[in-house]
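All residue numbers for the sequence shown refer to my numbering, where the first residue is 55 and numbers rise by one.
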Amino acid sequence: MSQTPSVEEGSPIERTAVRLLRSSVDRSYHPEVDVDWDAPDVPGLRYVPDRYISLYGTKVFERMTEEEKIRLGRLEASALASWGILAESALMHPMLKLASVSDPRSATAQYALTEVADECRHSVMFGRQINTLSDRSYNPPMIARALVGITALAPLSATIFSMMLMVEEILDRLQRQTMNDETLQPRTRAIAKIHVIEEARHISYARVALARAVERTGRGRMALERLIVAVGAAVIPLIMVQPAVYRDAGLPPLRSAWTALRNPHYHANLRFFGERLVRVMNENDMLEGRLVQHLWRWSRMLPEDFVPQSKRTADV
């Protein structure tokens with residue numbers, strides 16, 4: 055009888071899974087009861103800090119009333135939650151695959167299933183959040199939803215774990231700024247806190263998994279994987295701006311989207327959200343190559359003074 059393939063006992067990835075399983079027992083939440091869904095919104099409080107609204111700093115934003123600014127922030131928060139659900143769905147596929155190819159006795163398999171359970175709860179939480187923010191959901195484009203299906207077929211690779219980190223690190227960076235911000239609605243802060251605490255485990259695992267995947271991938275294959283990840287990074291500024299949000303906020307949809315995409319404050323936010331992600335990508339040699347770096351610069355997440363890891367090592 056053939057045996058189920060297992061992760062090496064005592065390997066970094068298995069040790070990480072053991073630690074994160076313990077953390078899951080100690081620090082897990084149930085949004086159905088840990089978020090007060092019936093509490094009314096507090097008048098005057100925001101749903102997202104003004105500085106993170108896509109039009110912040112533009113003349114359009116300066117002309118808006120306080121009520122209009124709060125409404126735009128609320129709708130952008132709703133759109134982000136819709137993206138969050140799609141992202142959580144995409145993240146479940148590789149973890150289910152990891153569980154299916156690992157020895158079910160291993161911490162790796164058991165942690166993978168635990169993470170899937172986390173993502174299921176988060177998706178329900180985001181869905182309920184949308185109900186409190188808007189009369190509709192801002193579904194991501196069809197092509198983005200189609201790509202989720204592709205993740206179910208993709209191998210467990212540096213590309214997959216990089217994409218997981220791309221979603222998790224960016225959202226984590228934003229929510230860490232909102233979870234303790236008393237100018238925001240209590241429900242917004244509660245949701246951010248739950249997601250930050252539980253996603254910290256997912257980020258820890260994805261980082262170790264990425265390092266392991268890079269170590270096991272040949273040079274030619276790595277060049278392709280870097281390029282795929284860079285293309286994914288390059289489209290982030292585009293997909294985070296949805297014209298329908300501006301239309302529902304009473305603004306010209308296409309003109310407002312164009313203004314947001316050219317907004318220096320929006321670019322600065324992208325660099326801030328991607329700061330940790332870029333560092334992790336660089337440490338794992340995922341930013342090598344001129345074309346790759348050009349695409350990452352297009353994402354607005356790469357700092358102007360960026361130096362690839364290989365160049366730093368060569369200069370030492």
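Even glycine gets a Cβ: it sits at the ideal position worked out from N, Cα and C.
Item	Value
Between residue 226 and the rest of its own chain, which residues show a CB-CB distance below 7 Å, the 5 nearest in sequence each way excluded?	250, 253 and 257
Is the beta carbon of residue 212 less than 8 Å from the beta carbon of residue 279?	yes
When DSSP labels each residue in this structure, what does residue 238 get in the three-state scheme?	strand
In terms of DSSP beta bridges, what is residue 100 paired with?	238
Pick from 316, 129 and 142: whose alpha carbon is nearest that of residue 177?	142
Given that a residue counts as buried once 16 or more other Cβ atoms are within 10 Å of its Cβ, and exposed if not, what is residue 160?	buried
Using only alpha-carbon positions, find the residue among 120, 311, 228 and 259 that is nearest to residue 247.	228
I'd like the list of long-range same chain contacts for residue 321, defined as Cβ closer than 6 Å, with 5 residues on each side in sequence excluded.	354
Which of the three DSSP states is assigned to residue 291 in this structure?	helix
Reducing DSSP to helix, strand and coil, say where residue 148 ends up.	helix
May I ask you to report which of helix, strand or coil DSSP gives residue 336?	helix
Does residue 114 come within less than 8 Å of chain C when only Cβ atoms are used?	Protein chains in the displayed structure number just one, and chain C is not present.
Are the region 106 to 116 and the region 304 to 321 touching by the rule of at least three beta carbon pairs closer than 8 Å?	yes
Considering Cα atoms alone, identify which of 304, 243, 310 and 330 is closest to residue 121.	304
Relative to the C-alpha of residue 137, which residue among 295, 84 and 302 is closest?	295
If you draw a straight line from the alpha carbon of residue 259 to that of residue 334, how long is it in whole angstroms?	13 Å
Less than 8 Å between the CB atoms is what I'm expecting for residue 220 and residue 331, so what's the real figure, rounded?	6 Å
With H, G and I counted as helix, E and B as strand and the rest as coil, what does DSSP make of residue 282?	helix
If you drop the 5 nearest sequence neighbours on each side, which residues of the same chain put their C-beta closer than 8 Å to that of residue 202?	140, 143, 144 and 147
Would residue 349 and residue 288 be called neighbours here (beta carbons separated by less than 8 Å)?	yes
Give the single residue among 363, 352 and 329 whose Cα lies nearest to the Cα of residue 342.	363
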